[in-house]
Every structure is written in structure tokens, then in C-alpha cells.
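S.K.: In terms of the working numbering, the sequence shown opens at residue 1 and continues consecutively.
Beta carbons: idealized from backbone N, C-alpha and C, even for Gly.
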Amino acid sequence: MSMLRTSVSAASAYDPDGWDDSPEANERKAYRLIAKTPTLLAMYHRMRTAQEVIPPNPKLSHAANFLTMLHGEEPSPEDARTLDVTLILYADHTMNASTFTARIIASTLADMFSAITGAIAALKGPLHGGANEEAMKMLEEVGSPERAEAYVADRLARKQKIMGFGHAVYKTMDPRARILKRLSREIGERRGDLRWYEISEAIERAVAEQKGLHPNVDFYAASVYHMLGIPTDLMTPVFAMARMAGWTAHVREQYADNRVIRPDSAYIGPRDQRYVPIDER
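1) Among Trp247, Asn258 and Arg32, which residue has its Cα nearest to the Cα of Gly118?
2) So, for Asn132: in the same chain, excluding its five sequence neighbours on each side, which residues have a beta-carbon less than 6 angstroms away from its beta-carbon?
3) Per the contact definition of three or more C-beta pairs closer than 8 angstroms, is the region 103-117 in contact with the region 253-261?
4) Expressed to the nearest angstrom, what Euclidean distance is found between the alpha-carbon atoms of Gly72 and Pro58?
5) With a threshold of 7 angstroms, establish whether the CB of Ile104 neighbours any heavy atom of the ligand ATP.
6) Kindly identify the DSSP beta-bridge partner or partners of Pro237.
7) Can you tell me the Cβ-Cβ gap for Ala153 and Gln210, rounded? I've got them flagged as a contact below 8 angstroms.
8) On the DSSP bridge list, what partners appear for Phe165?
9) Please work out which residues of its chain come closer than 7 angstroms, Cβ to Cβ, to Met227, disregarding the five sequence neighbours upstream and downstream, and give them in chain order.
10) Take Ala168 as the anchor and find which of Asn96, Arg46 and Ala245 has the nearest alpha-carbon.
11) Please confirm whether Ser9 and Phe113 have their CB atoms less than 8 angstroms apart.
12) Could you tell me whether the region 271-279 touches the region 146-162, using the rule of 3 or more Cβ pairs below 8 angstroms?
13) Tell me the residue span of the alpha helix (DSSP H) that contains Ile34.
14) Taking DSSP as the reference, what is the three-state secondary structure of Asp272?
15) Quick check on the burial criterion: 16 or more other C-beta atoms within 10 angstroms. Buried or exposed for Tyr31?
16) Write down the C-beta distance between Met241 and Thr68 rounded to the nearest angstrom, noting that I regard them as a contact closer than 8 angstroms.
17) Taking 7 angstroms as the limit between beta carbons, can you name the residues of its chain near Asp111, skipping five residues before and five after?
18) Can you tell which of Ala80, Tyr255, Ala206 and Leu109 has the C-alpha that lies nearest to the C-alpha of Val142?
19) Taking DSSP as the reference, what is the three-state secondary structure of Asn57?
20) In angstroms, rounded to a whole number, what distance separates the CA positions of Arg5 and Glu140?
21) Given that a residue counts as buried once 16 or more other Cβ atoms are within 10 Å of its Cβ, and exposed if not, what is Ile268?
22) Got a sec? Which residues, its chain only, sit under 8 angstroms from Ser184 by beta carbon, not counting five neighbours each side?
23) With a 10 Å radius around its C-beta and 16 neighbouring C-beta atoms as the bar for buried, classify Gly129 as buried or exposed.
24) According to DSSP, is Ala11 part of a helix, a strand, or is it coil?
25) In three-state terms, what does DSSP make of Met173?
26) Can you look up Gln160 in the DSSP assignment and give me helix, strand or coil?
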């Protein structure tokens with residue numbers, strides 16, 4: 001995420017539309033950000049693993065291009081479609097922390113790249129965007145469906161969170177999670193290995209029974225991305241890759257009917273404090 005945040009910020013210096021903040025220029029900037037993000041992520045992974053960088057292929061779809069640049073070979077149509085569906089599901093979702101951050105920045109009439117850089121920084125926080133990575137680490141730690149019930153009980157007894165469960169909007173199962181659960185099973189069947197799906201399902205049952213919580217979009221996304229060969233530490237950046245479409249749309253919408261976003265605040269600290277000179281502190 002640090003690489004993506006810094007790369008998007010740096011890209012503003014090279015954008016051909018530069019300081020042009022017209023609606024037409026911002027539309028072009030949005031397209032370029034959406035297009036460049038998968039290239040940046042795949043290039044970063046190939047370089048850090050000492051592999052040849054694969055350039056994008058304009059004949060491939062957005063999802064197929066990313067998997068090709070990441071792995072060095074074209075994915076099956078089924079795998080490309082699986083990733084495509086996850087990108088659609090992650091593309092936008094209400095006024096979440098990163099989207100709100102982007103709109104606040106845009107409301108000052110800062111440029112598109114500044115707003116998106118801020119959104120990426122917000123998504124980096126583990127309470128917002130890191131849940132799919134933490135969910136995958138949990139699946140690996142559990143190791144088998146048989147261990148799920150005891151694992152969940154132990155975490156809850158120690159008052160620890162079960163990542164990938166619960167949502168500020170949904171009190172039942174996140175509808176996006178239903179689709180991702182199906183995708184997890186389908187890709188497992190294609191691979192001839194349902195282990196990750198079965199561990200996920202066992203954890204889902206245990207959490208429902210012991211805590212009454214349901215999966216959100218991140219929980220089954222973890223196993224899907226893992227079976228697509230996406231490294232765990234790239235799962236949140238892939239979330240950002242998908243959300244780029246939503247962020248840029250929100251920024252453009254903010255520009256179109258703008259008013260500076262400035263929430264009220266209430267001071268609750270001590271009052272009538274005496275100033276203490278620096279040499280007396």
C-alpha cells in the first residue's frame with residue numbers, strides 16, 4: 001500500500017493533463033488511474049521477486065491483464081471472470097472512510113491525484129482495508145476445518161476480533177459475501193482443492209454460532225484471491241485497484257457540485273488554562 005500510495009502521488013507530476021481541472025481532463029485522469037493501478041501492482045511484485053516485468057496487453061480485459069502481468073501467463077477465462085467479479089464487488093460501497101477522505105480532499109479543489117492518494121492512505125488502515133489480508137492469515141493459522149470451532153472460541157475468549165466478520169451497514173450476511181462464497185467454492189472445485197473454502201465455511205459457522213456475526217466482503221475474498229495466486233500482502237492493494245473506479249467517480253461527483261466539507265467539532269478539554277513560558281515547563 002505504501003508503494004501504491006507513493007506511486008499515485010508521483011504520477012501526478014507526469015500526467016499529461018497536468019493542472020487542467022476541467023471535467024474532461026478529470027475524466028481522462030480517472031481512466032488513467034484505473035488503468036495504471038494494476039500495472040503498478042504487478043510491476044512491483046515482479047520486481048521484488050526478481051522476475052521480468054510484463055507489460056500490459058491492450059487485447060486483454062482489465063482482470064486478465066492484471067493476472068497476466070502478475071504471473072507471467074494468461075489466466076483461464078474462468079479465473080479472469082472470477083477476478084472481474086471481485087473487482088466489481090469491491091468497486092464502491094457507501095460512504096466508507098477512504099471514499100469520505102477522497103471527497104473531503106476533493107472538496108478543497110485539490111487535484112484528482114491528491115484525493116486518490118488520501119483515499120489509499122485511509123484504506124491502508126487495518127480497520128478499513130486490511131481485513132482480507134488478516135482473514136487469509138487466519139485461514140492459514142486455522143489450517144483445517146476441524147480446528148475452526150476451537151480457534152474461534154479461543155479468540156473470542158481473549159476478546160480478539162475475527163477479521164472479515166461484521167459490518168457497519170449489514171446486520172446479516174453482506175450480500176457481496178454471498179457471491180464471493182460461491183466464487184470460493186467454484187475456484188476450489190476448478191483447482192481440485194476445496195481446503196480453503198472448507199476452512200472458511202467452518203469458521204463462518206463457528207462465528208455465527210458463538211458470536212452471531214456474519215461474513216463481510218473481505219472474508220471469502222481472502223480465499224478467492226489466494227487461489228488466484230495473489231500474494232497475501234497484495235490483497236488490500238487489489239482492493240484499492242478495484243475501488244479506484246469508485247473513488248474517481250466520487251471525486252468527479254464532488255467537483256461537479258462542490259462545497260467544502262467541514263464537519264463541526266466540540267472541544268471537551270480543559271478551559272481557562274494559564275500559559276506557561278517555555279523555560280518554566
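M.R.: According to the data block:
1) In the sequence shown, residue 118 corresponds to position 118, counting from 1. It is Trp247.
2) Here residue 132 refers to the residue found at position 132 when the sequence shown is read from its first residue. Excluding residues within five positions, the ones whose Cβ falls inside 6 angstroms are Asp218, Ala221, Ala222 and Met235.
3) Enough Cβ pairs lie closer than 8 angstroms, so yes.
4) The residue labelled residue 72 in the question sits at position 72 within the sequence shown. The residue labelled residue 58 in the question sits at position 58 within the sequence shown. CA-to-CA, the gap between Gly72 and Pro58 works out to about 15 angstroms.
5) Summarising the ligand content, the structure contains no ligands, and the ligand ATP is consequently not present.
6) Working through the sequence shown from its first residue, we reach residue 237 at position 237. According to DSSP, which records beta bridges pairwise, Pro237 is partnered with nothing at all.
7) Locating residue 153 in the sequence shown gives position 153, where the first residue counts as 1. Locating residue 210 in the sequence shown gives position 210, where the first residue counts as 1. With a Cβ gap of about 6 angstroms, Ala153 and Gln210 count as contacting.
8) Your numbering for residue 165 matches position 165 in the sequence shown. Pro215.
9) The sequence position of residue 227 within the sequence shown is 227, counting from 1. For Met227, where only same-chain residues beyond five positions count, the Cβ hits under 7 angstroms are Ile187, Gly188, Arg191 and Trp196.
10) Against the sequence shown, residue 168 aligns to sequence position 168. For Ala168, the closest alpha carbon among the candidates Asn96, Arg46 and Ala245 is that of Asn96.
11) Locating residue 9 in the sequence shown gives position 9, counting from the first residue. Locating residue 113 in the sequence shown gives position 113, counting from the first residue. Yes, the Cβ-Cβ distance between Ser9 and Phe113 is below 8 angstroms.
12) Cβ pair count under 8 angstroms is below three, so no.
13) The count along the sequence shown starts at 1 and reaches residue 34 at position 34. Residues Pro23 to Arg48.
14) The sequence position of residue 272 within the sequence shown is 272, counting from 1. Residue state, collapsed to three classes: coil.
15) Here residue 31 refers to the residue found at position 31 when the sequence shown is read from its first residue. Tyr31 comes out exposed.
16) On the sequence shown, residue 241 is found 241 positions in, with the first residue counted as 1. On the sequence shown, residue 68 is found 68 positions in, with the first residue counted as 1. Here Met241 is actually not in contact with Thr68; their C-beta atoms are around 14 angstroms apart, not less than 8 angstroms.
17) Here residue 111 corresponds to residue number 111 of the sequence shown, with the count starting at 1. Result list for Asp111: Ser12 and Asp21, in chain order.
18) Along the sequence shown, one-based indexing puts residue 142 at 142. Nearest of Ala80, Tyr255, Ala206 and Leu109 to Val142, Cα basis: Ala206.
19) Residue 57 sits at position 57 when you count from the first residue of the sequence shown. Asn57 sits in coil when the DSSP states are folded into three classes, being neither helix nor strand.
20) For the purposes of this step, residue 5 is taken as the residue at position 5 of the sequence shown. For the purposes of this step, residue 140 is taken as the residue at position 140 of the sequence shown. Taking C-alpha positions only, Arg5 is separated from Glu140 by approximately 28 angstroms.
21) On the sequence shown, residue 268 is found 268 positions in, with the first residue counted as 1. Only exposed fits Ile268, as fewer than 16 other CB atoms lie within 10 angstroms of its CB.
22) On the sequence shown, residue 184 is found 184 positions in, with the first residue counted as 1. Excluding positions up to five away in sequence, the list reads Trp196, Tyr197, Ser200, Tyr220, Ser223, Val224 and Met227.
23) The residue you call residue 129 lines up with position 129 of the sequence shown. Classification for Gly129: buried.
24) As a first step, residue 11 must be located in the sequence shown, where it is residue number 11. Looking at Ala11 - three-state DSSP - the assignment turns out to be helix.
25) Residue numbering aside, residue 173 sits at position 173 when the sequence shown is read from its first letter. Residue state for Met173 is assigned as coil, using DSSP reduced to three classes.
26) Translated into the one-based positions of the sequence shown, residue 160 becomes position 160. Gln160: coil per DSSP, three-state reduction.
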